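Participant: What the sequence shown shows, in mature numbering (1 follows the signal peptide of the UniProt record, and there is no 0), is residues -19 to -1, 1 to 794, in sequence order.
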Amino acid sequence: MKKLFFLFITCFLGLTVSAQTYSPSAVTSFTGANTYCVGAAITTPLVVNYNTCAGGAGAPTGVTCTVNWYYNTTNSTAIPGATLVSGPNIVTCAAAATGSISYTPSTASLPVGGDYYFFCVISWTGGVGACPATGSITTSTTQLIRVQPAPITPTAPVLNVCVGSTLPLSNPMGGGNWSSFNPAVVSVNASGVATGVSAGGSFITYTIGSCYVTAYVYANDTPSTITTSSNFTPCEATTLTLNSTPASGTWTSNNTSVANINISSGVVNTGSAGTARITYTNSATGCFVTRVLTVIANPPAITGTTGVCITNNTTLSNLSPGAWSSSNPTVASITSGTGVVTGNNQGTAIITFTASSNNCRVYTTVTVGLPPNPITGPNTVCAGSNITLANTISGGAWSSQSAAVATVNVSTGVVTGVTNATVNISYTTPGCTAVFKNITVNPLPGTILGVLTTCYGQSTSLTSTVSGGTWYSDIPTIASVDSVSGVVSGHSMGSTIITYKVGSGCMTMANVTVNPLAPIVGPDSVCVGSKILLTDIVGGGTWISSNPAIASIDPASGVVTGLINGITFIGYTLPTGCASTFFLNVIPPLPPIAGPMEVCSGSTAVLSNGVGGGRWGTSNMYVAEIDSVTGGIIGRFPDTATITYTRFGCITKTHVTVNPLPVVTLTYDWLIAKLSTLPVYASYQWYDSTVGAIPGATTNTLILPNVKESYYLRATDFKGCANNSEWFRFPLGMRETDMAAQCKIFPNPATAIVHIDAPIRVKAVISTIEGKAVSVTPDAREVNVSNLPPGFYLIGLYDDSGQLIVMQRLTKE
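If you want it as structure tokens, here you go:
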């Protein structure tokens, strides 16, 4: 029996320690490559076979392995840059000498079309003994899965090509064949170049083995041939219209200096000779047609005299062979072969030369004139002045023999004298002999001298360097002038022209201004130490004080500063010399405001000033309201307001502070029937509802003499502001006493739960003996006191209005 027992123990121990653990050690093979069409299911799985290693002895077990499958397009087993396509997958690796893991990809999980290289990474934890505790192996090679073909490029739901144009197609996977479902609409060659044959669409297919992809190509109609109602070899500087269909296309020119075309209308304006390619593009499809426009050079410009007198001739010429014609032979006729023009009637005619080589034309205008009649008009003009000459024959041109003496407007005949001399003015009609008139330019009198301004009611004298003339005023009501002496008298504010005229009729002028006596505007008094502003309706003057010691004034701005009590005169002088004066009284400053500078909210006070007759004001009537005449002040809201007193523009200020009333709050001690408030006020007085002020009750506390009466406290703070508390009445006086008898609080003493039995809804408040609440339970039926420290407490029951119903002493054990 002893031996059997020994053997049993040994076997038991052997089963416990002899397990052997297998884990992967190396990949022996990796299979599963194949080729599939786009969208087809992969039927051959990827299979990784691997060896294992053993650790220990006894029954084999596997380890937990993590398997991740990756792919890339670079034929590499490096994880960076690869795409994780499956995993992490947790499996139990083989407990045998070899094992395998398989995975079947889906073409739906791969980008469409291409070569994809797959590899596998196996990692584990749990190997012991000869097997590594942790490790990882990666397939040494990749397995290719080819998904073919790739999409046709370019890619789009619909590819467009114009009829007669080509569209190159391609596929990144070579070796395939191209075909068209409808080659009569869109054909495609072996290189993948699609050609639009006729309007419509066709599927283009690219096939590799049994796999294929398609693209839909639509052939759009090309616009119709470009046409014109004229021709495509226009001359320079002509206009023609081009046409094509469908409408709403756009026109362009590759050489706008030769042919500039309107983008929408097709109207062409030709420029210099040369060629331009005109393109018409269908805006909807982008298809286009082109046409070359050749612009022919015009003949050289016409030369020769273009003005001819009636019945006379002039000859025009051109370097090119061609023919001449006139737009109006009744005015000017021309011999077609010679270019000789004959004037027939006054007027103009357009002469055209047409080149024999290309029928292009150039033009010029010939003017036929009548011989001018004698010039009419004045024979003299003053220097700087104008006269007008005239001729009964129109259409001619005026000219001056010397512009330094007199100028003349070429079309109107207005002559302007420049300097003292004589000059011939001529008038010439086209092709005819000119007529002349001798004009004398007389000198102007010398410049008017003297002061050209005066004041209202005053005068100024004007003179001229040339004597013997006469003086005139345009507006005598503003300023009149003595016709002989030149003395100007001012009558009203404004300006007028003063003229000096000599015997030749020539004159010179000057503008004379009459300035007002400037009125001063502003207050006639100022306080000592204060400032006022004086103004004048006419700017630019200078201010002065007759006594700067009493009041100074800024000479430019007119700001006056009062210095001492007294009277001074303020003067304002314009640059013209016109001046006004102003009487100014400097008033002494007001004395300070007297009276209380602090009041209680709701209280009144009276402020005063030693000088009567002024007005009171406040910066904030919601803080301190003041009577503007009496100075009576009422404290409103606690804050500070600025109080002003003003008399004759003088002002003095002070600040009045409105102090708040004390807020008197009462606290009731239930145990000893005592009312109290904080001991922070200067004085106290208790009142009851029967006798009023309670004699001797002048501290911050009161033991209630009679709990059936009502009480309040009047407290006065240290600024003298007083206020009353709310009335206090012992709560039981407001409820029938039998309500307290109906309320039961049990058990008492209590250890955990206190039950409440009351005929109405109550709130239970537990507080310390000192009155500090430690538990509040609304709508109380029971109160948990297990968390309270053992000791004595007060428990009170209150109704919904807050009235105390009953209060008891509570013992917590």
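Each residue gets a CB set at the ideal place from its N, CA and C atoms; glycine is no exception. Given the structure is predicted, the values throughout are model-derived calculations rather than measurements.
Using C-beta distances below 7 angstroms, list every residue in its chain close to Asn53, excluding the 5 sequence neighbours before and after it, in chain order.
Facilitator: For the purposes of this step, residue 53 is taken as the residue at position 72 of the sequence shown. These residues qualify, in order along the chain: Gly62, Ala63, Thr64, Tyr98.
Participant: Residues in the same chain with beta-carbon distance under 7 angstroms from Asp780, minus the five sequence neighbours each way, listed in chain order, please.
Facilitator: To locate residue 780, count along the sequence shown from 1; it is residue 799. Result list for Asp780: Ile741, Val743, Ile786, in chain order.
Participant: Just to confirm my understanding: we take Ser229, look at its own chain, exclude 5 residues before and 5 after, and list those with CB closer than 7 angstroms. What are they?
Facilitator: For the purposes of this step, residue 229 is taken as the residue at position 248 of the sequence shown. If we look at Ser229 and ignore the five residues flanking it on each side, its Cβ neighbours are Ser264.
Participant: Do Ile374 and Thr410 have their CB atoms nearer than 8 angstroms?
Facilitator: Locating residue 374 in the sequence shown gives position 393, counting from the first residue. Locating residue 410 in the sequence shown gives position 429, counting from the first residue. It is a contact, given that the beta carbons lie within the stated cut-off.
Participant: Measure the Cβ-Cβ separation of Val102 and Asn30 and say whether it is below 8 angstroms.
Facilitator: For the purposes of this step, residue 102 is taken as residue 121 along the sequence shown, with counting starting at 1. For the purposes of this step, residue 30 is taken as residue 49 along the sequence shown, with counting starting at 1. No, the pair does not count as a contact, with Cβ atoms beyond the cut-off.
Participant: In the DSSP output, which residue or residues are listed as bridge partners for Leu514?
Facilitator: Here residue 514 refers to the residue found at position 533 of the sequence shown. Answer is Val540, bridged to Leu514.
Participant: So the candidates are Thr188, Ala678, Pro215; which of them puts its Cα closest to the Cα of Val249?
Facilitator: Residue numbering aside, residue 249 sits at position 268 when the sequence shown is read from its first letter. If we check each option's Cα against that of Val249, Pro215 comes out closest.
Participant: Does DSSP classify Ala88 as helix, strand or coil?
Facilitator: For this step, residue 88 is matched to residue 107 along the sequence shown. This sequence places Thr at residue 88; Ala is not what is there. It is helical.
Participant: What are the start and end residues of each continuous alpha helix (DSSP H) run of 4 or more residues lying completely inside the region 114 to 177, in chain order?
Facilitator: With a minimum length of 4 residues, no continuous alpha helix (DSSP H) run stays inside the region 114 to 177.
Participant: Using the rule of at least 16 other Cβ atoms within 10 Å of the residue's Cβ for burial, across every protein chain shown, is Ile244 buried or exposed?
Facilitator: Against the sequence shown, residue 244 aligns to sequence position 263. Ile244 comes out exposed.
Participant: Phe396 and Ile368 look like a contact to me (Cβ under 8 angstroms); what is the Cβ gap, rounded to whole Å?
Facilitator: Here the question's residue 396 lines up with position 415 in the sequence shown. Here the question's residue 368 lines up with position 387 in the sequence shown. Correcting the residue identity first, residue 396 is Val in this sequence and not Phe. Confirmed, about 5 angstroms.
Participant: Going by DSSP, what residues sit across from Arg710 in a beta bridge?
Facilitator: For the purposes of this step, residue 710 is taken as the residue at position 729 of the sequence shown. Per DSSP, Ser691.
Participant: In this structure, how does DSSP classify Tyr439 when only helix, strand and coil are distinguished?
Facilitator: Residue mapping note: residue 439 aligns to position 458 of the sequence shown, counting from 1. Note that residue 439 corresponds to Gln in the displayed sequence, not to Tyr. In this structure, Gln439 counts as coil in the three-state DSSP scheme.
Participant: Tell me, to the nearest whole angstrom, how far the beta carbon of Gly552 is from that of Ser527; I am working on the premise that it is less than 8 angstroms.
Facilitator: Your numbering for residue 552 matches position 571 in the sequence shown. Your numbering for residue 527 matches position 546 in the sequence shown. Right, the Cβ-Cβ distance comes to about 7 angstroms (below 8 angstroms), so this counts as a contact.
Participant: Using a Cβ-Cβ cut-off of 8 angstroms (strictly less than) and excluding sequence neighbours within five positions of Val174, which residues of its own chain qualify?
Facilitator: Against the sequence shown, residue 174 aligns to sequence position 193. Thr147, Leu148, Pro149, Leu150.
Participant: Given a cut-off of 8 angstroms on the beta-carbon distance, is the pair Gly412 and Asn326 in contact?
Facilitator: Looking up residue 412 in the sequence shown gives position 431. Looking up residue 326 in the sequence shown gives position 345. No.
Participant: List the residues that DSSP assigns as beta-bridge partners of Arg272.
Facilitator: Your numbering for residue 272 matches position 291 in the sequence shown. In the DSSP output, where bridge partners are listed per residue, Arg272 has Ile259.
Participant: To which residues of the same chain is Pro281 closer than 8 angstroms at the C-beta, ignoring the five residues directly before and after it?
Facilitator: Looking up residue 281 in the sequence shown gives position 300. So the qualifying residues of the chain are Asn299, Leu300, Ser301, Val343.
Participant: Does the Cβ of Gln784 have 16 or more other Cβ atoms within 10 Å, making it buried, or fewer, making it exposed?
Facilitator: For this step, residue 784 is matched to residue 803 along the sequence shown. Result: exposed.
Participant: What number of angstroms, rounded off, separates the C-alpha of Pro572 from the C-alpha of Lys655?
Facilitator: Position 591 of the sequence shown, counted from the first residue, corresponds to residue 572. Position 674 of the sequence shown, counted from the first residue, corresponds to residue 655. Taking the straight line from one Cα to the other gives about 54 angstroms.
Participant: Can you tell me whether DSSP reads Met720 as helix, strand or coil?
Facilitator: For this step, residue 720 is matched to residue 739 along the sequence shown. Three-state DSSP puts Met720 in a helix.
Participant: Given a cut-off of 8 angstroms, decide if Gly80 and Thr33 are closer than it, judged by their beta-carbon atoms.
Facilitator: Position 52 of the sequence shown, counted from the start, is the residue given in the question as residue 33. Position 99 of the sequence shown, counted from the start, is the residue given in the question as residue 80. Contact: yes.
Participant: Leaving out five residues on either side along the sequence, give the residues of the same chain with a beta carbon under 6 angstroms from the beta carbon of Pro660.
Facilitator: As a first step, residue 660 is located in the sequence shown; it is residue number 679 there, counting from the start. Excluding residues within five positions, the ones whose Cβ falls inside 6 angstroms are Asn681.
Participant: Give the single residue among Arg762, Ala721, Phe709 whose Cα lies nearest to the Cα of Ile734.
Facilitator: Against the sequence shown, residue 734 aligns to sequence position 753. Closest option to Ile734, Cα to Cα, is Arg762.
Participant: How many Å lie between Ile60 and Tyr51 at the Cα?
Facilitator: One-based indexing of the sequence shown puts residue 60 at position 79. One-based indexing of the sequence shown puts residue 51 at position 70. Those two C-alpha atoms are separated by around 8 angstroms.
Participant: Can you check DSSP and say which residues form a bridge with Lys753?
Facilitator: The residue labelled residue 753 in the question sits at position 772 within the sequence shown. According to DSSP, Lys753 bridges with nothing at all.
Participant: Using C-beta distances below 7 angstroms, list every residue in its chain close to Ser83, excluding the 5 sequence neighbours before and after it, in chain order.
Facilitator: Within the sequence shown, the letter at position 102 stands for residue 83. Excluding residues within five positions, the ones whose Cβ falls inside 7 angstroms are Pro26, Leu27, Val28.
Participant: Which word fits Lys753, buried or exposed, when buried means at least 16 other C-beta atoms lie within 10 angstroms of its C-beta?
Facilitator: Within the sequence shown, numbered from 1, the residue matching residue 753 stands at position 772. The residue in question, Lys753, is exposed, as its Cβ has fewer than 16 Cβ neighbours within 10 Å.
Participant: Quick one: grab the DSSP three-state call for Trp651.
Facilitator: Stepping through the sequence shown from its first residue, residue 651 is reached at position 670. Trp651: coil per DSSP, three-state reduction.
Participant: Using the C-alpha atoms, what's the distance from Thr209 back to Asn339?
Facilitator: By 1-based counting over the sequence shown, the position of residue 339 is 358. By 1-based counting over the sequence shown, the position of residue 209 is 228. Rounded to the nearest angstrom, the two C-alpha atoms are 19 angstroms apart.
Participant: List the residues that DSSP assigns as beta-bridge partners of Tyr3.
Facilitator: On the sequence shown, position 22 is the one that residue 3 refers to. Looking at the DSSP assignment, Tyr3 forms no beta bridge with any residue, so it has no partner.
Participant: For residue 797, which three-state DSSP category applies?
Facilitator: With the chain covering only -19 through 794, there is no way to say anything about residue 797.
Participant: Is DSSP giving Ile734 helix, strand or coil here?
Facilitator: To locate residue 734, count along the sequence shown from 1; it is residue 753. Of the three classes helix, strand and coil, the one that applies to Ile734 here is strand, per DSSP.
Participant: Select from Thr123, Thr749, Pro86 the residue whose C-alpha is nearest the C-alpha of Ser10.
Facilitator: Numbered from 1 along the sequence shown, position 29 holds the residue referred to as residue 10. Ranking Thr123, Thr749, Pro86 by Cα distance to Ser10 puts Thr123 first.
Participant: Between Thr47 and Pro69, how many whole angstroms is the CB-CB distance? I'm expecting something under 8 angstroms.
Facilitator: Start at 1 with the first residue of the sequence shown, and residue 47 comes out as number 66. Start at 1 with the first residue of the sequence shown, and residue 69 comes out as number 88. Going by Cβ atoms, the distance from Thr47 to Pro69 rounds to 5 angstroms, so yes, they are a contact pair.
Participant: What does the alpha-carbon distance come out to for the pair Pro227 and Thr233?
Facilitator: Residue numbering aside, residue 227 sits at position 246 when the sequence shown is read from its first letter. Residue numbering aside, residue 233 sits at position 252 when the sequence shown is read from its first letter. About 16 angstroms.
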